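Chemist:
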Ligand code: PLP
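Numbering (our numbering), first residue to last: 928 to 1348.
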């Protein structure tokens, strides 16, 4: 075993673009011990903790407002509607969209992608059409398209990743052609941290008159996202990965497309007029929001996005890059560790395996040391197949993580190696 000493000096006080101590004080869940050790929470790609601002906003909404939206003439309903629509506009601004009606509330990224699969692909595509996706997609950006394939006969083309875990952009360009109806890819890989060139992918799609969908689940918490600048047709993300509540997320869709699309689910809220003979549908965004939505979740998400904006996405990215580099350097210095995912542009995810030790065993030892990571296939089994492993250990970072915590990670990894070797 090598690299038992500290390989990375913590940045001198004041040099971080963020005041991380101040930020950490905002997240009550970070201030606890697990198995008698200070918690080091490095499972942010699965879900991030919530700042007081979000916790308080959700509690206050439930305590004092808690009415259904859009349907009431009374004061509480009006207040709930205002807060709900304000959160939609906050989301619009956060994504750089033009119009709040282009923001559709969903349960998260998974439902947003399924919405496009159901309301667009399943109705528009046939055996002559192709959907182009990449080898590094999360299952939620694979399985909906397989179901579209089963139901429409459309074909799937998978663009490979290279040994660093980067999408082969030449292969993407080759895969897209006159039959391509959709190019869909993650902005950031949850398994490897690779940042994809979604601008180029969108351009390639549009040059072939295809649509472009970006899965932004792992990008939105870590970097500036501007859907107009990217030019994509759809962009999906989840609230709980960006310091908001679970059960809420959004789909951005270009207005003309959303207008042409059929509804996703049917029921209350999404109608204009109902008779037993015929039903006409509501305008955007209600057409895609059947039933009572997750109102409290949307309100909480609005506050989470404001929290991120207030701290500055460029500063967050710069800080997290520093933490990721420190973690990478520390783990790379340990002989038994192999890092998977070495693309040039990465964000906030460090996947690794330890020679002859199952990732679940590593995760269990790390947990005893207070270090929370994820061990598994991360809902990306094709990525695991590509690297010839069943699972990896994944440390994933958020704005509140510190360079010092990467030392705790490395110490715990060395502990695991000592136990199992
Ligand atoms: N896409 C990516 C890249 C993800 O990392 C995840 C979750 O880990 C998802 C999609 C699915 O997100 P959710 O479970 O919040 O719908």
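Note that the Cβ used here is the ideal one computed from N, Cα and C, for glycine as well.
These figures come from a predicted structure and were not determined experimentally.
Mind reading off the beta-carbon distance from residue 1022 to residue 1154? Whole number of angstroms is fine, and I expect it under 8 Å.
Modeler: With a Cβ gap of about 5 Å, residue 1022 and residue 1154 count as contacting.
Chemist: Looking at the secondary structure, which residues open and close the alpha helix (DSSP H) in which residue 1155 lies?
Modeler: Its alpha helix (DSSP H) spans residues 1154 to 1157.
Chemist: Can you determine whether any heavy atom of the ligand PLP sits closer than 8 Å to the C-beta of residue 1221, and answer yes or no?
Modeler: Outside the cutoff, so no.
Chemist: At which residue ranges does the region 945 to 1015 contain complete alpha helix (DSSP H) runs of 4 or more residues, listed in the order of the chain?
Modeler: Whole alpha helix (DSSP H) segments, 4+ residues: 947 to 952 and 979 to 991.
Chemist: Kindly indicate if chain C contains any beta-carbon less than 9 Å away from that of residue 1251.
Modeler: Of the chains in the structure shown, none is chain C; there is only one protein chain.
Chemist: Any heavy atom of the ligand PLP closer than 8 Å to the Cβ of residue 1159?
Modeler: No, Cβ of residue 1159 sits at least 8 Å from all heavy atoms of the ligand PLP.
Chemist: Kindly provide the ranges of any alpha helix (DSSP H) runs that are 4 or more residues long and lie completely inside the region 1211 to 1292, ordered along the chain.
Modeler: Correct list: 1222 to 1238 and 1240 to 1259.
Chemist: Taking 5 Å as the limit, tell me which residues put their C-beta closer than that to any heavy atom of the ligand PLP, in chain order.
Modeler: Taking each Cβ in turn, the ones that pass are 1035, 1036, 1037, 1065, 1067, 1113, 1117, 1142, 1144, 1145 and 1165.
Chemist: For the region 1295 to 1303 against the region 1311 to 1321, are there 3 or more C-beta pairs whose distance is under 8 Å?
Modeler: The answer is yes - the region 1311 to 1321 touches the region 1295 to 1303, with three or more Cβ pairs under 8 Å.
Chemist: Along the chain, which unbroken stretches of the alpha helix (DSSP H) at least 4 residues long are found entirely within the region 1114 to 1197?
Modeler: As far as the region 1114 to 1197 is concerned, its whole alpha helix (DSSP H) runs of at least 4 residues are 1125 to 1134, 1154 to 1157 and 1182 to 1187.
Chemist: Could you name the residues of the same chain whose beta carbon sits closer than 6 Å to that of residue 1040, not counting the 5 residues immediately before and after it, in chain order?
Modeler: Excluding sequence neighbours, residue 1040 sits near 1067, 1068, 1071 and 1163.
Chemist: Assess contact between the region 1255 to 1273 and the region 1079 to 1096, defined as three or more Cβ pairs (one per stretch) separated by less than 8 Å. Is contact present?
Modeler: The region 1255 to 1273, when compared against the region 1079 to 1096, does touch it at the 8 Å Cβ threshold.
Chemist: Name the DSSP bridge partner or partners of residue 1086?
Modeler: Looking at the DSSP assignment, residue 1086 forms a beta bridge with 1061.
Chemist: If you follow the beta strand (DSSP E) that residue 1030 is in, where does it begin and where does it stop?
Modeler: Unbroken beta strand (DSSP E) run through residue 1030: 1030 to 1033.
Chemist: Going along the chain, which residues of its own chain have a beta-carbon closer than 6 Å to the beta-carbon of residue 1220, five neighbours each way excluded?
Modeler: Counting only Cβ-Cβ distances below 6 Å, and skipping sequence neighbours, we find 1032.
Chemist: Rounded to whole angstroms, what is the Cα-Cα separation between residue 965 and residue 1146?
Modeler: Cα to Cα, residue 965 sits roughly 28 Å from residue 1146.
Chemist: Check whether the Cβ atoms of residue 1105 and residue 1135 lie closer than 9 Å to each other.
Modeler: Their beta carbons are under 9 Å apart, which means residue 1105 touches residue 1135 by this criterion.
Chemist: Among the residues of its own chain, which have a CB less than 7 Å from the CB of residue 1295, if the five just before and after it don't count?
Modeler: Here the set comprises 962.
Chemist: If we count the other Cβ atoms within 10 Å of its Cβ and call it buried at 16 or more, is residue 1148 buried or exposed?
Modeler: With 16 or more Cβ atoms within 10 Å of its Cβ, residue 1148 is classed as buried.
Chemist: For residue 1160, is the classification buried or exposed, using 16 other Cβ atoms within 10 angstroms of its Cβ as the cut-off for buried?
Modeler: Burial call: buried.
Chemist: In whole angstroms, give me the CA-to-CA distance for residue 1052 and residue 1111.
Modeler: Going from the Cα of residue 1052 to the Cα of residue 1111 covers about 15 Å.
Chemist: Among residues of its own chain, excluding the 5 on either side of residue 1128, which ones have a beta-carbon nearer than 7 Å to its beta-carbon?
Modeler: Counting only Cβ-Cβ distances below 7 Å, and skipping sequence neighbours, we find 1099, 1110, 1112 and 1139.
Chemist: So, helix, strand or coil for residue 1207, using DSSP?
Modeler: Residue 1207: strand per DSSP, three-state reduction.
Chemist: Once you ignore the five residues that flank residue 907 on each side, which residues in its own chain have a CB closer than 7 Å to its CB?
Modeler: Outside the modelled stretch of the chain, which goes from 928 to 1348, sits residue 907, for which no answer is possible.
Chemist: Can you say whether residue 996 is buried or exposed, counting buried as having 16 or more other CB atoms within 10 angstroms of its CB?
Modeler: Counting Cβ neighbours within 10 Å, residue 996 comes out buried, since at least 16 surround it.
Chemist: With the cut-off set at 9 Å, would you say residue 969 and residue 1169 are in Cβ contact?
Modeler: Cβ atoms of residue 969 and residue 1169: not closer than 9 Å.
Chemist: Around the Cβ of residue 1167, are there at least 16 other Cβ atoms within 10 angstroms (buried) or fewer (exposed)?
Modeler: With 16 or more other Cβ atoms within 10 Å, it is buried.
Chemist: For residue 1179 versus residue 1217, is the C-beta distance shorter than 9 Å?
Modeler: No, the pair does not count as a contact, with Cβ atoms beyond the cut-off.
Chemist: Assign residue 943 to one of three DSSP states: helix, strand, or coil.
Modeler: Three-state DSSP puts residue 943 in coil, outside helix and strand.
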